[in-house]
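The structure appears right after this line, and notes come after that.
Residue numbers (our numbering), protein chains in the order written: chain C, 850 to 1344; chain B, 850 to 1344.
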């Protein structure tokens, strides 16, 4: 969930100076357009980690747009008036009318999130609240309220640095409040709870947008653009004569050019000799682990995704070499069969789930929905937007039933892919592996990149995390994959 | 929730003999049309009280339609195969492909419902499951699966009669299984849990349909028609070029002519003298109850709905006579103001919620959404269909915050309304109370009747029940209203 937001996105002052005037003009024009048409209201939720720049960003939005038509509400402890009504009353009071923008600081999410992170309520109670919020927000969306939900994020290190800097300076020491320290001390628990909350309440019509809060220029531009695109998409929708309801939200790319994929150093060193020794050791450990008694109560689901020729097949073979043939199935996923097409898209994966003590290896997977189907337009934006939540639900069910879900994105550079394509064309026994489709897909590389990043941000979870594999060097990639699997299995048998 | 289903609906054998051949022909034709077009799959969920005719009805559906294209799955204890996969796996396995109809007996609802009714899981855990099911079903609907959810109901008396009859006959005694008796012994708890489950999982795209199971002819026709209309609505939707997704489900009127409203004896006896004595006594009790210390932690929300001239105003005055003017607000609801129109429809009710220790009296209410807005077409079918769940959520929040919600439908006959309209036109001081709109609304009476019955079935809950008031005799009506309020308040102060 927070992968992209922990990359340390940055915009230089010069870049910012170039972007800002254009962005604020567009925002202001769009705001006035909304005010004029009065087709819907916009509600901006501001949540996140203390010190990630929430206040500064709200001030900026007020500066960029006409503040007379923005209503900012900050919620702290409820007043007497508020405490005497149901929980949501104070938020209903703060709803802006159609045509206006409301900014709600510390809204309905704050209290249950804090309560759970600090152990004051149980998980089931939190989930009950979240399902109330989902129903509430679905109702708002159906009634023509556009909800833009921002989570301002800071990594553990980022927060540490910030608190240290503030404390070191006597002039700013007062800004480090006790509750900041409390959140910091509980950072991991708070982050894990936030991840669960965000995942459970991200919907196609109102997804969470995670903002890397570490750089002021970057976060300002990212928030501004996200808001702009949401408003524009809805205005456009209405202009076409549709009702301004349940429109799926466009995702906005990073404002700098830094992504999860290009932040990877793809060509990691690894010599064949060292590789072979380590591979055998890892295969041995894997084989042993999977034969332990504890594993009979578990199952293992491996997912391999990556661009063509990224080395999925080779890596899978290095895994299966360690396994008893009766124990695993490799499930190659291509275009669905007729029978599969007559069912919901997850059906073909449900039917291949392994029994206890078994391993299912998916060579491509249900992530096709948010990769190839998104890129090729085989499904609508609303379809793949809702797929993130559906896939998270699906994997939650696997994990809560005891399955281990390990997911790999094998990342290669475009150059390396080209080299491998050519090598395949030259070697007769590999020629079957290269088709015109592969060349066609290669041209869509720029469309796959954001799809991959969105996929990882929206479906990498505590329970079923993605592992990004630097795959220009096959040996390195295979070892990283084997090691990740071995460690996951061993850890689960200890627990 | 179960109001209509406990009326004791009936169809005579002669009526059945007339309806059945037409209905089965239409069902068969519609089934073949679906099979031909393959636009969506239909999944029929069969749940309910033992002995309410589930098995018999499924057999009948198989007889009426082509059984080769119906897949019936009955779920009992999970098999080994099933237990080794996540909970939903066995239901995924049973999904029919597009073009076909699947009938699922004892499906995902059975286990959590039973677990909760017999105290094996907590409320929060049940709600967690229900929100999983809501997400699962929303996904199915978005993927083009039409879900038709039937709850076969029997009243407590109905179940008692059935078990007695079976036990009395040595030839059928074997049919009374131990689990039947268990459900019967826990009938009230089971019914309350079922109500909660059904309410929480009724959505605009997949609402529960409650079947009065007491009469075999009636339930067969009702189930057949409901299925027919759902399938036809979806096929029609696709014919118009839309995707077969998230279509809101049409509600089907009772197959006999018996409704909640016409089952009432509207003209109840009550003389003025007796009325006045009782009224004063009740007003005294109400006044005392609302001044008790316990009420300072409560609030009271009264809802009055009814056709024009049903006596809402008069009844409200008899309530307010008992109250301190500082303690209550009467909130007359007419067409929304501009400010209100710029907000979600529930907004204007949220803003009028009473503080603790206060009384809010709504003369017409949020139920306008499913009454006048439905009848006059001020909102779409999808809008008022989702309103039932939204209103239930709204009232849940009130009740769980300590408010008492008491709702009255004042029911008068068309004749009595006419008499009152004429009397108003004749009495100068009452003439302001009658407008051309009133005459226009009167013509829509036949449209209001089903709207009222659906409203009561879908929003009468344990926490916020509807009271139907026989209102042809004003004295009787006012006393029933006062008594209901007094008893509700007194009960809450005892608890």
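Note that CB positions come from ideal geometry on N, CA and C, so glycine has one too.
Owing to the predicted nature of the structure, the values given are computational and were not obtained by experimental measurement.
For secondary structure counted as the alpha helix (DSSP H) over 4 or more consecutive residues, the region 1143-1202 of chain C holds these complete runs in sequence order: 1161-1169, 1187-1190, 1196-1199. Counting only residues of its own chain and dropping the five nearest sequence neighbours on each side, residue 965/C has a CB closer than 6 Å to the CB of 975, 1042.
With respect to the C-alpha of residue 1283/C, the residue from 913/C, 1269/C, 1293/C having the closest C-alpha is 1269/C. In this structure, residue 1211/C keeps its C-beta atom at 7 Å or more from the C-beta atom of residue 1248/C. Residue-level contact check: residue 934/B touches chain C, since one or more beta carbons of chain C fall below 7 Å from its beta carbon. The beta carbon of residue 976/C falls within 7 Å of a beta carbon belonging to chain B, placing the residue at that interface.
For residue 1247/B, a Cβ of chain C is located within less than 7 Å of the residue's own Cβ. For the region 1242-1296 of chain B, the continuous alpha helix (DSSP H) assignments of 4+ residues that do not extend past its boundaries occur at 1263-1275, 1285-1292, in sequence order.
Residue-level contact check: residue 884/B does not touch chain C, since none of the beta carbons of chain C fall below 7 Å from its beta carbon. Looking only at 950/B, 927/B, 948/B, 1021/B, the smallest Cα-Cα distance to residue 939/B is reached by 927/B. Interface criterion not met: the Cβ of residue 915/C is under 7 Å from no Cβ in chain B. Between residue 850/B and chain C, the shortest Cβ-Cβ separation is not below 7 Å.
Taking 7 Å as the threshold, the shortest C-beta distance from residue 1250/C to chain B falls below it. Look at residue 920/B here: in three-state DSSP terms it is strand. With respect to chain C, the C-beta atom of residue 1202/B has a partner C-beta closer than 7 Å. Annotation: residue 1002/B is outside any alpha helix (DSSP H); the continuous beta strand (DSSP E) that includes it extends over 994-1002.
When beta bridges are read from the DSSP output, residue 1215/B appears opposite no residue. Taking a C-beta distance under 7 Å as the contact criterion, residue 1001/B and residue 1140/B do not qualify as a contact pair. Within the same chain, and ignoring the five residues on either side of residue 1302/B in sequence, the residues whose Cβ sits closer than 7 Å to its Cβ are 853, 1108, 1109, 1110. Rounded to whole angstroms, the gap between the alpha carbons of residue 958/C and residue 1298/C is 31 Å.
Assignment of beta-bridge partners to residue 1315/C by DSSP yields 1256/C. Distances from the alpha-carbon of residue 1084/C to those of 891/C, 1339/C, 1323/C, 1310/C put 891/C closest. Residues of chain C whose Cβ lies closer than 8 Å to the Cβ of residue 1193/B are, in chain order, 944, 988, 989, 992, 993, 994. The Cβ-Cβ distance between residue 1069/B and residue 909/B falls below 7 Å. Cβ neighbours of residue 1007/C within its own chain (closer than 6 Å, five residues either side excluded): 1063. By the rule that beta-carbons nearer than 7 Å mark a contact, residue 965/B does not touch chain C. Leaving aside the five residues that flank residue 1189/B on each side, the residues in its chain whose CB is nearer than 8 Å to its CB run, in chain order, 1196, 1197. Close CB contacts of residue 865/C within its chain, under the 6 Å cut and outside five residues either way in sequence, are with 1066 (chain order). Between the C-alpha atoms of residue 990/C and residue 1121/B there is a straight-line separation of about 52 Å.
Fully contained in the region 1039-1094 of chain C are the following beta strand (DSSP E) runs of length 3 or more, in chain order: 1057-1061. Between residue 1254/C and residue 1239/C, the CB-CB gap reaches or exceeds 7 Å. Within a 10 Å sphere around the beta-carbon of residue 1281/B sit fewer than 16 other beta-carbons, which makes this residue exposed. The beta carbon of residue 866/C does not come within 7 Å of any beta carbon belonging to chain B, so the residue lies off that interface.
Segment contact: the region 1172-1190 of chain B against the region 1222-1235 of chain B, fewer than three CB-CB distances shorter than 8 Å; contact not assigned. In the DSSP assignment, residue 954/B falls outside any alpha helix (DSSP H) and lies within the beta strand (DSSP E) extending over 950-954. Using beta-carbon distances, residue 941/C counts as an interface residue toward chain B, with a partner under 7 Å.
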